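In the numbering used here, the protein residues as written are 6 to 284. Even for Gly, the Cβ is constructed at its ideal location relative to N, Cα and C. Quick caveat: nothing in here was measured; it's all calculated off a predicted structure. Working notes for the structure below.
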Ligand code: AMP
Ligand code: MN
Ligand code: MN
Ligand code: MN
């Protein structure tokens, strides 16, 4: 059987991606993807359109979501796969997580105004596809538009990360809540891009232990949010902690990602893929 190309982490304009769910499906298919999940931030409303488009393109579809949580004072992302997107506790929990994004957006704009960047709320709003889901990414796109930075990565570095003038702390759901919502909806909980957080080794180990104890099953190993030297590192950690391994581009927009859709390598051979018993 030919090797299947699996991508379990992508965003549409239902969160901070730029393409509609159906267009993300088409882009994934063109890049050779056979099994695909849409994992919008804190939101599942794109799933019906994504599922229909995946079927039309002959791709296997996996329901997904990427939940923002706060753990040890840091924002961490937990991906849920194979969830029942209609599960009431999940739907209610995500709605609760989304509330507060608009206020945070107004606060970010106020902070930016203090350093001379005006109209950022309205500016970011132009890029928002879902009024419930104003994201720092939308501010980043606006700051690129007005020439404050050359690209969105630079905007995060200069303005939107912790300690920078446009950073506004936000308290998200807890690790336990996210894992409970995902598992309660029949899904599998996955730590997204673990290499991106600024934890010490000790803290990262504590996160993995706690996640495992709560019923978390997998970590992302190959993701557009990791550097290539992190693939073998997190493959080894997945095996050490007894986690399954996931793979996804973390696609947001054509030309905006660190790794091109088609260029992301497969999982290393020594891990157990999170999809090992799906088909
Ligand atoms: P938010 O959920 O509004 O705090 O925004 C988080 C989103 O910002 C992430 O999902 C990424 O899409 C984006 N992001 C975070 N850090 C960076 C970075 N360094 N470069 C580019 N995008 C980033
Ligand atoms: Mn994002
Ligand atoms: Mn993420
Ligand atoms: Mn993501």
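Heavy atom of ligand 1 within 7 Å of residue i beta-carbon
i	result
residue 257	yes
residue 204	no
residue 141	yes
residue 46	yes
residue 157	yes
residue 161	yes
Heavy atom of ligand 2 within 7 Å of residue i beta-carbon
i	result
residue 50	no
residue 198	no
residue 12	no
residue 16	yes
residue 21	yes
Distance CB(residue i)-CB(residue j) smaller than 8 Å
i	j	result
residue 287	residue 184	Only positions 6 to 284 of the chain appear in this structure, which leaves residue 287 out of reach.
residue 178	residue 102	yes
residue 226	residue 270	no
residue 180	residue 216	yes
residue 44	residue 70	yes
residue 278	residue 242	no
residue 175	residue 22	no
residue 19	residue 51	yes
residue 144	residue 120	no
residue 110	residue 94	no
residue 4	residue 203	Because the chain in this structure spans residues 6 to 284, residue 4 falls outside the shown range and cannot be described.
residue 87	residue 193	yes
residue 254	residue 47	no
Contact test: residue i Cβ vs ligand 4 heavy atom, cutoff 7 Å
i	result
residue 71	yes
residue 62	no
residue 231	no
Residues that residue i bridges to, as DSSP identifies them
i	result
residue 15	256
residue 221	None, per the DSSP bridge assignment.
residue 46	71
residue 40	11, 65
residue 278	250
Candidates the options: closest to residue i by CA position
i	options	result
residue 35	267, 281, 284, 280	267
residue 197	173, 252, 211	252
residue 141	157, 62, 124	157
residue 209	239, 254, 137, 12	239
residue 56	47, 68, 46, 48	68
residue 173	192, 107, 66	107
residue 170	72, 122, 30, 246	122
residue 182	100, 230, 61, 91	100
residue 136	168, 263, 105	105
residue 139	151, 155, 126	126
beta-carbon residue i near ligand 3 non-hydrogen atom, thresh 7 Å
i	result
residue 175	no
residue 82	yes
Any non-hydrogen atom of ligand 6 within 7 Å of residue i CB
i	result
residue 120	Ligand 6 is not part of this structure, which contains only ligand 1, ligand 2, ligand 3 and ligand 4.
Checklist entry - In chain order, which alpha helix (DSSP H) runs of at least 4 residues are fully inside the region 225 to 263? => result If only complete runs of 4 or more residues are kept, the region 225 to 263 shows the alpha helix (DSSP H) at 235 to 246, in order along the chain.
Checklist entry - What are the uninterrupted segments assigned as alpha helix (DSSP H) that are 4 or more residues long and contained completely in the region 175 to 212, given in chain order? => result 180 to 189, all fully within the region 175 to 212.
Next on the checklist: Quick check on the DSSP output: what are the complete alpha helix (DSSP H) runs of length 4 or more inside the region 136 to 176, in order along the chain?
Outcome noted: For the region 136 to 176, whole alpha helix (DSSP H) runs of length 4 or above, ordered along the chain, are 141 to 150, 157 to 160.
Item to check | 3-residue-minimum beta strand (DSSP E) runs that sit fully inside the region 56 to 142, ordered along the chain | outcome: For the region 56 to 142, whole beta strand (DSSP E) runs of length 3 or above, ordered along the chain, are 65 to 76, 79 to 86.
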